[in-house]
Every structure is written in C-alpha cells, then in structure tokens.
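Comments concern the structure below.
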Amino acid sequence: MNSHEQPIGIFDSGIGGLTVFKEVRSLLPGENIIYLGDTARVPYGTRSPETVMRYSFECTEFLLNQSIKLLVVACNTVSAVSLDEICKRVSIPVTGVIGPGARAAASATKNKKIGIIGTETTIKSSAYSKAIRAMGHDIEVHGVACPLFVPLVEEGWTEGAIARMVVERYLAEIKDNGADTLLLGCTHYPLLKKVIQEVMGDVRLVDSAIETALAVKQLLVEKKMTAMNSAAGTSRFFVTDSPEKFISVGERFLETKIGTIEKIQL
Ligand code: DGL
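Below, the structure is given as structure tokens:
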C-alpha cells in the first residue's frame with residue numbers, strides 16, 4: 154500500500170469519536186478509515202492524566218501497527234492531556250480535537266463569552282481556555298464538567314426526560330453566565346445535541362467534529378497524502394469490549410450499518 158491508500162486512524166475512548174468519524178467520512182469519501190473505540194476502559198474523562206496517557210499510547214500503537222498515514226485523536230480528554238506527548242512519539246501527522254474546537258468557538262461568539270462543557274479531566278486541564286488564549290483572543294471562558302453525559306450516551310439515552318433533567322442541571326450555571334456560544338468539548342456530547350439545544354435556547358452550539366475533519370483534509374493535502382482511489386473508501390471498526398452496544402448506538406447515530414467490527418485487546 155502506498156501512502157495515498159493507507160488508512161486514516163481515528164481513536165476515542167468509546168463511541169463518541171464516531172462524531173468525528175462521521176464528518177471525516179463525509180468530507181473524505183475516498184479515504185480508508187480505521188476507527189478504534191477503547192470501550193473496555195471508557196470513560197477516560199474521570200481518570201488521572203497519567204492513566205489517560207498510558208491508554209492513549211496503547212491506542213496509538215495499535216493504530217500505527219495498522220499502517221495508518223494520519224492519526225486523529227478523536228477524544229477531548231486525550232487531546233487535553235497527551236496530544237503533545239503522542240506527537241513526539243510518532244512520525245506521521247496527528248490532529249487532536251481541542252485546537253479545531255477552540256478555533257470554531259472563538260469565531261462563533263459575538264459577546265466574547267463561551268461556555269465549555271467536557272469531562273472532569275478536560276475541564277480541569279483548562280486546555281480549551283489555553284488554546285483560545287494562545288490564538289490571541291480576549292474571550293471569557295466558563296467551563297463545566299458534565300460527568301453523567303458520557304454514560305447517558307454510551308447507554309443510548311440521548312433523548313427523553315432523564316437526559317433532559319441531567320442536561321438542565323449541568324447547564325444551569327452556563328445559562329446564568331450569559332455565554333452566547335457553547336462548545337461541546339467532549340466527542341460524546343454531540344449525540345445529546347438536540348436536548349442541549351432545547352435547554353440552551355438560542356445559544357450557538359459548536360462541536361469540534363466538523364472542524365477536525367477540515368483539519369484532517371488540510372493535513373492530507375499539505376502532505377500530499379490524499380487517497381487517489383475514485384472508489385468509496387473502506388471503514389473498519391475495532392473495539393476492546395463486546396461490540397453489541399457500540400453497534401446499536403453507533404448505527405443509530407451514523408444512520409448506516411457499521412458492518413465488520415473486530416474485538417481486540419490492547
Ligand atoms: N471521548 C471522551 C472525550 O471526548 C469522553 C468519554 C470519556 O470520558 O472517555 O473527552
């Protein structure tokens with residue numbers, strides 16, 4: 154396989170990275186893509202940075218062994234704590250989700266107030282505020298961790314009374330703060346978008362998936378690695394625990410069959 158036809162590798166702690174997969178697949182239909190969800194160890198967002206780092210190196214190594222040409226860290230928690238370290242360890246292009254998300258939110262806000270929601274580890278790291286500041290913006294950032302969102306999504310409870318109650322409880326603080334933009338700083342949260350939007354009213358919701366897909370395309374063009382194949386690219390899925398729930402929630406979200414899914418051990 155030459156570098157054009159090598160796959161893009163995407164990983165997340167679980168199902169949430171499919172939000173990024175979906176955008177990359179739709180923007181780059183000719184690319185072969187390998188997705189890894191570390192479903193046996195999700196959630197990462199409640200673990201220490203050291204543990205998240207170790208898990209993320211194992212995911213990276215697995216994908217490198219699949220001869221990927223580009224790595225997408227489709228997990229905010231990993232992007233927040235170990236992206237720099239991953240970049241140092243690999244010789245292929247890498248993109249995370251924090252930079253693209255921060256850029257999108259900074260250009261969306263009009264009143265210079267952004268709410269950010271994410272896992273405990275992501276919010277504690279202040280990675281988004283740092284990224285927004287590093288881009289030279291003077292924007293007030295208010296972060297809130299929403300640890301119950303991930304289990305809701307993994308369970309497929311993305312609508313209905315329970316989802317709404319949990320969303321209302323976590324987002325009350327951000328509503329009070331008056332931000333006009335809410336950044337979904339966790340790859341799982343776009344699956345709760347409908348309820349989040351209902352609760353937040355006319356606040357603009359931003360997720361990093363589309364921006365990340367654009368960053369992937371740009372990297373491929375820059376590195377002259379875009380797939381030359383005119384046929385549709387292949388998609389392969391790997392998980393580290395039994396695939397049933399991943400398949401049912403994933404297919405509902407992607408609105409297509411997931412097809413072959415392989416269970417592996419890292
Ligand atoms: N995918 C993770 C993220 O984007 C959320 C799930 C987890 O905690 O592992 O932060």
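One point on numbering: in my numbering, the residue at position 188 of the sequence shown is 341, and numbering is uninterrupted.
All C-beta atoms in this analysis are idealised placements derived from N, C-alpha and C, irrespective of residue type, glycine included.
In this text the structure is predicted, and so the values were computed from the model without any measurement.
Glu184 and Gly412 closer than 7 Å at C-beta
As a first step, residue 184 must be located in the sequence shown, where it is residue number 31. As a first step, residue 412 must be located in the sequence shown, where it is residue number 259. Contact flag unset, no.
Confirm the yes/no value for this check: CB of Pro196, any heavy atom of the ligand DGL, distance under 6 Å.
As a first step, residue 196 must be located in the sequence shown, where it is residue number 43. Yes, Cβ of Pro196 sits closer than 6 Å to a heavy atom of the ligand DGL.
Cutting at 7 Å between CB atoms, please list the residues of its own chain near His290, excluding the five before and the five after it.
Taking the sequence shown and counting its residues from 1, the one referred to as residue 290 is at position 137. Ala259, listed in sequence order.
Could you name the residues that DSSP lists as bridge partners for Arg389?
Along the sequence shown, one-based indexing puts residue 389 at 236. Note: Arg389 sits in a beta bridge opposite Ile187.
Could you compute how far the alpha carbon of Lys175 sits from the alpha carbon of Leu407?
Against the sequence shown, residue 175 aligns to sequence position 22. Against the sequence shown, residue 407 aligns to sequence position 254. Straight-line Cα distance between these residues: approximately 7 Å.
7 Å is my cut-off, CB to CB: does Gly289 come that close to chain B?
Here there is only one protein chain, and chain B is not present.
Confirm, please, whether the CB-CB distance from Ala366 to Leu180 is below 7 Å.
As a first step, residue 180 is located in the sequence shown; it is residue number 27 there, counting from the start. As a first step, residue 366 is located in the sequence shown; it is residue number 213 there, counting from the start. Result yes, Cβ atoms of Leu180 and Ala366 sit closer than 7 Å.
Can you tell me whether Ser244 is buried or exposed? The criterion is at least 16 other CB atoms within 10 Å of its CB, across all chains shown.
The sequence position of residue 244 within the sequence shown is 91, counting from 1. It is exposed - the Cβ of Ser244 has fewer than 16 other Cβ atoms within 10 Å.
Taking 8 Å as the cut-off, does the stretch 281 to 301 touch the stretch 323 to 340 (at least 3 CB pairs, one atom from each stretch)?
yes
Please state whether the Cβ-Cβ distance between Asp394 and Ala193 is less than 7 Å.
The residue you call residue 394 lines up with position 241 of the sequence shown. The residue you call residue 193 lines up with position 40 of the sequence shown. In contact: Asp394 and Ala193 (Cβ atoms closer than 7 Å).
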